[in-house]
């Protein structure tokens, strides 16, 4: 299926590896131009090189920086506009689930995880919206959240609350931007495995416990892949999903029990 993304431009925050990288690949495959971003220069250069082939070399712009920083964000969108002339889609794949377990969470841990998992995305969004509004065809915003936003899990409480806040923000923002032809959605992935990701570390440290979790908690009894999340992301960015806004799409192999 041709998703109709040819000549469109997507800014993908957090795209040097994992889910973000897979989204970048999926959008390139659909003919879009992309902005790759990441904090680690080596990882970003490696990803850009791997994705660059003759048909994509003019459709990739790589920008390194900390995308929780307002100045970095503003400069990056200015570079995107100067390079491609437009912005059609923002994909915010930001955050971390690494944190302290238990109910006794210090203030600085709440602040740290909300900054990384909520405020970084809202700051990015506010900088992107004027560029999307300048596009007469409209555009889309897509957040990568997590099933911790909608389900009780062992994940750190501040992380779960921050991701839940992001889902709520997305839904309310969608109502405000719909008249301007900007769609806003969220994907809530389950357990996604990729090299260098948290599940690789967990398998190395406690393989039996992880395998038991998959067997008892995930009906498909397996990890998801970044490519599976990316296929949904590409669809949600595309004109094929023109009536989709204000929703959170769960992709978790059946793990969540919440309707």
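In the numbering used here, the protein residues as written are 260 to 518.
Idealized CB from N, CA, C, for every residue including glycine.
In this text, all values refer to a predicted model and were calculated from it rather than measured experimentally.
- Query: How long is the line joining the alpha carbons of residue 416 and residue 434, rounded to whole angstroms?
  - Reply: 28 Å
- Through-space distance from residue 261 to residue 293, alpha-carbon basis: 17 Å
- Task: Below 8 Å CB to CB, which residues in the same chain sit around residue 333 once its five sequence neighbours on both sides are set aside?
- Result: 386
- Query: Quick one: what's residue 445 bridged to in DSSP?
  - Reply: 402, 507
- What are the boundary residues of the alpha helix (DSSP H) that residue 337 is part of? 329-343
- Message: I'd like to check one pair, residue 439 with residue 392: are the Cβ atoms closer than 7 Å?
- Response: yes
- Item | alpha helix (DSSP H) runs contained entirely in the stretch 298-331, provided each spans 4 or more residues | 300-310
- Task: At 4 residues or longer, and completely inside the stretch 343-409: list those alpha helix (DSSP H) runs for me, N to C.
- Result: 366-373, 379-392
- Query: From 482, 396, 309, 340, pick the residue whose C-alpha is nearest to that of residue 512; which is it?
  - Reply: 482
- Item | Other residues of its chain near residue 406: CB distance less than 8 Å, five sequence neighbours each side excluded | 412, 447, 448, 449, 509, 511, 514, 515
- Query: DSSP puts residue 451 in a beta bridge; with which residues?
  - Reply: 483
- Message: Using 7 Å as the threshold, is the C-beta distance between residue 303 and residue 280 below it?
- Response: no
- First through last residue of the alpha helix (DSSP H) which encompasses residue 468: 457-476
- Indicate whether residue 409 and residue 517 have their beta-carbon atoms separated by less than 7 Å. yes
- Query: How would you label residue 365, buried or exposed, when you count the other beta carbons within 10 angstroms and need 16 or more for buried?
  - Reply: exposed
- DSSP three-state call for residue 292: helix, strand or coil? strand
- Item | Under 7 Å between C-beta atoms of residue 397 and residue 277 | no
- Query: In the structure shown, what three-state DSSP assignment does residue 501 receive?
  - Reply: coil
- Task: Compute the Euclidean distance between the alpha carbons of residue 307 and residue 313, then round it to the nearest angstrom.
- Result: 13 Å
- Please decide whether residue 338 counts as near chain D, where near means a Cβ-Cβ distance under 7 Å. Within the model displayed, chain D is absent; a lone protein chain is all it includes.
- Item | Straight-line Cα distance separating residue 441 from residue 309 | 31 Å
- Query: So, helix, strand or coil for residue 285, using DSSP?
  - Reply: helix
- Query: Count the other CB atoms within 10 Å of the CB of residue 497; is the residue buried (16 or more) or exposed (fewer)?
  - Reply: buried
- Item | Presumed contact (8 Å Cβ cut-off) between residue 297 and residue 352, rounded CB distance | So it is not a contact: roughly 10 Å between Cβ atoms.
- Taking the alpha-carbon positions, what's the residue 454 to residue 286 distance? 21 Å
- Task: Report buried or exposed for residue 466, applying the criterion of at least 16 other Cβ atoms within 10 angstroms of its Cβ.
- Result: exposed
- For residue 268, which residues does DSSP report across the bridge? 292
- Where residue 289 falls, given that 16 or more other Cβ within 10 Å makes a residue buried: buried
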